[in-house]
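Worksheet for the structure shown next.
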Amino acid sequence: MKKLHVLIFCVILLIAAALRLYKLGTIPISMYIDEIAIGVDAKSIAQTGRDMHGHSWLTPMFLSYGDYKLPVYIWMAAASVKIFGATEFAVRLPSAVAGVLTVFLIYFISVELFEKRKDRVWIGLASAAVTAVLPWSVLFSRTGFEGHVGQMFLLLSILFALYARKRPLFMAWSAIVGALAVYTYFSVRFVFPVVLLASFIVSAKKFESKYIFRGVLGLVVFFLLLVPLVRSPYYAPSNAFRLSASSILDNTQRVVYSNVLRAQDHEAWYSRIFHHRELYFLKDLITHYAAHFDLSYLFISGDVNLRHSTGKTGVMLITFAPLFFAGLYVCARKEQKIGIFLAVWYLIALLPASVPNEVPHALRSINGLSVVALLCGLGTVELYAFFNKKHFGKIILGILVLAILSNIFVFLHDYTAHYPTRSADAWSYGKRQIAQFIEKEKTSRDHIIVAVDDSIYLWVLFYGNYDFTAVQRMPFTDNRLKRIDTIEFRGLAAGDGALKKTLIIGLSDEMHQDVGFYPIPTINSQRYVYRSQP
1 MKKLHVLIFC VILLIAAALR LYKLGTIPIS MYIDEIAIGV DAKSIAQTGR
51 DMHGHSWLTP MFLSYGDYKL PVYIWMAAAS VKIFGATEFA VRLPSAVAGV
101 LTVFLIYFIS VELFEKRKDR VWIGLASAAV TAVLPWSVLF SRTGFEGHVG
151 QMFLLLSILF ALYARKRPLF MAWSAIVGAL AVYTYFSVRF VFPVVLLASF
201 IVSAKKFESK YIFRGVLGLV VFFLLLVPLV RSPYYAPSNA FRLSASSILD
251 NTQRVVYSNV LRAQDHEAWY SRIFHHRELY FLKDLITHYA AHFDLSYLFI
301 SGDVNLRHST GKTGVMLITF APLFFAGLYV CARKEQKIGI FLAVWYLIAL
351 LPASVPNEVP HALRSINGLS VVALLCGLGT VELYAFFNKK HFGKIILGIL
401 VLAILSNIFV FLHDYTAHYP TRSADAWSYG KRQIAQFIEK EKTSRDHIIV
451 AVDDSIYLWV LFYGNYDFTA VQRMPFTDNR LKRIDTIEFR GLAAGDGALK
501 KTLIIGLSDE MHQDVGFYPI PTINSQRYVY RSQP
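Per the UniProt record's numbering, residue 1 is the first one in the sequence shown, and the count goes up by one each step.
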């Protein structure tokens with residue numbers, strides 16, 4: 001890299017870091033249950049070397065609150081909590097660092113993929129710049145979700161696989177990092193093997209035995225490293241837990257629908273073919289896939305879940321559309337081999353997101369984030385080369401640059417000024433205030449009854465001052481705590497109103513008929529209320 005390239009790259013990385021670290025602990029406005037559960041286990045490990053259930057930190061899977069979490073993010077968060085304390089910033093920091101590293105890695109993958117092009121460095125810089133401000137990357141860099149760190153490790157494993165075409169030792173590193181990605185986020189186990197094989201297709205000049213051997217060896221190492229995960233006593237329950245979510249794997253409705261249509265055809269021989277339930281499964285899968293290509297999702301409004309999107313922009317900024325489609329065009333016309341590789345990568349990344357019924361889903365499809373950035377980076381360089389030669393080209397480029405900069409400003413302003421309030425309920429805002437209120441009041445109360453939900457104990461543990469050696473000895477019911485010292489997590493019972501020196505906390509819509517309840521101060525102040533009984 002020339003000095004100019006190094007300078008530009010450093011500026012891009014600084015911008016990426018600033019966008020990911022600025023007010024990291026307060027935007028998003030609160031920690032969601034997955035983040036808080038990671039934080040509790042991280043806090044416990046930082047204190048005692050064991051999770052909240054008393055299990056060793058060195059485990060292929062954590063029980064958590066019954067949703068079975070993979071270990072890598074929790075380990076990283078535990079180290080962060082050990083250094084910075086149990087704060088929102090500490091829990092989210094691993095993801096923010098992964099976001100900056102994603103920008104860093106995108107550059108080198110671009111250079112490797114387009115190594116035959118003279119403008120490969122500029123494609124790399126453009127791809128990195130796009131990633132630095134891409135809403136898909138910025139938003140998930142600022143949340144403590146394992147999927148974002150998992151996609152970073154996947155990206156690193158792909159880079160090592162590309163390096164392995166010239167330096168075979170990198171294949172082992174690719175397999176190791178790929179396994180690390182699986183120990184971070186479940187869906188990578190489906191994505192990595194396919195993308196690894198696709199990387200050999202794009203890099204091999206011909207199908208020589210040495211390339212086949214390296215690929216097979218890499219996959220063998222990868223699957224061997226997953227043995228501890230598969231042998232974990234939590235592996236089967238974790239799969240059952242994830243399959244219990246509403247998805248197209250539930251065949252009941254398709255069977256009924258198929259049987260009705262076949263009956264209407266009087267069980268004709270052709271009806272068994274044309275109305276086969278697996279054909280309807282395929283139709284549902286294609287429909288779910290198609291949802292992730294919806295232009296509104298990509299450029300306008302994004303995921304309907306406000307934890308995964310601001311609701312005001314897509315996974316890409318709308319002004320990135322010319323860059324994205326230019327990149328697609330170039331891959332189709334001039335870079336077909338790379339285009340096939342990126343298509344395979346993106347399609348397999350969408351598979352875990354297309355099976356559940358909740359589509360499109362920006363988090364479950366996050367392994368495709370880098371493909372979008374690479375296409376936009378390629379499109380940026382190609383559009384510049386095209387318009388720079390035209391008579392009015394520089395004017396068009398200037399307008400496009402101003403539009404992109406304005407779009408970035410609007411996105412960042414909305415994200416920092418308006419999104420926190422708009423998304424408060426989606427982020428379980430108010431539970432932190434409940435936990436902090438309890439921490440303040442617990443020493444002066446004989447009883448505290450929290451009638452909110454069965455996960456509120458996680459916030460109490462994270463924000464409270466507790467010895468986790470004692471917590472680990474507490475009885476868990478269905479993997480959750482129902483009581484911490486004088487604090488009970490349950491619905492109200494007859495006789496609770498007569499208890500002395502008692503604090504009762506609940507949901508306002510459930511307590512509205514009872515007198516003496518006051519709102520806990522939050523921006524959505526009517527949601528949680530309390531009553532103090534002397």
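Where is the CB? At the ideal position from N, CA and C, for every residue including glycine.
Restricting attention to Lys-440, Leu-169, Asp-509, the CA atom closest to the CA of Phe-213 is found in Leu-169.
Taking every protein chain shown into account, the CB of Tyr-457 has 16 or more other CB atoms within 10 angstroms, so this residue is buried. When the beta-carbon positions are compared, Val-100 and Leu-19 stay at least 7 Å from each other. Annotation note: the region 147-226 contains no uninterrupted beta strand (DSSP E) run of length 3 or greater. Our two residues, Phe-299 and Thr-131, have alpha carbons roughly 15 Å apart in a direct line. Distance from Leu-70 to Tyr-183 at the Cβ level is roughly 5 Å; contact confirmed, criterion being Cβ atoms closer than 8 Å. With respect to Val-188, Ala-198 sits apart: the two C-beta atoms are not nearer than 7 Å. Look at the beta carbons and you see the region 359-376 touching the region 344-351: at least three pairs across the two are nearer than 8 Å. DSSP links Ile-449 through a beta bridge to Glu-488, Ile-504. Check the Cα spacing between Ser-508 and each of Lys-166, Lys-501, Phe-517: the tightest is with Phe-517. The Cβ-Cβ distance between Ala-326 and Gly-379 falls below 7 Å. Contact fails between the region 88-98 and the region 256-270, because fewer than three Cβ pairs, one in each stretch, are under 8 Å apart. In this model, Lys-166 and Ser-174 are separated by some 13 Å (Cα to Cα).
Note that the C-beta distance between Val-202 and Phe-341 is below 7 Å. Between His-288 and Ala-362, the C-beta spacing is not below 7 Å. Taking the CA atoms as reference points, Arg-242 sits about 36 Å from His-413. A Cβ-Cβ separation of about 5 Å places Ile-29 in contact with Ala-424 under the 8 Å criterion. For Ser-110, the enclosing alpha helix (DSSP H) stretches over residues 88-113.
Contact annotation: the region 435-445 touches the region 458-473, with at least three C-beta pairs closer than 8 Å. For Tyr-280, the secondary structure class from DSSP, reduced to helix, strand or coil, is helix. Beta-bridge annotation (DSSP): Lys-69 is paired with Phe-62. The three-state reading of DSSP puts Thr-416 in helix, counting H, G and I together. Thr-59 has its alpha-carbon roughly 29 Å from the corresponding atom of Asp-453.
Approximately 37 Å separates the beta-carbon atoms of Thr-143 and Glu-278; this is outside 8 Å, ruling out the contact. The C-beta of Ala-240 has fewer than 16 other C-beta atoms within 10 Å across all chains shown, which makes the residue exposed.
Annotation for Arg-231: no beta strand (DSSP E) segment contains it, and DSSP assigns it neither H nor E.
Shown here for Val-371: same chain residues with a beta carbon closer than 6 Å to its own, the five before and five after excluded, namely Leu-342, Trp-345, Tyr-346 in chain order. The secondary-structure analysis by DSSP pairs Phe-476 across a beta bridge with Leu-481.
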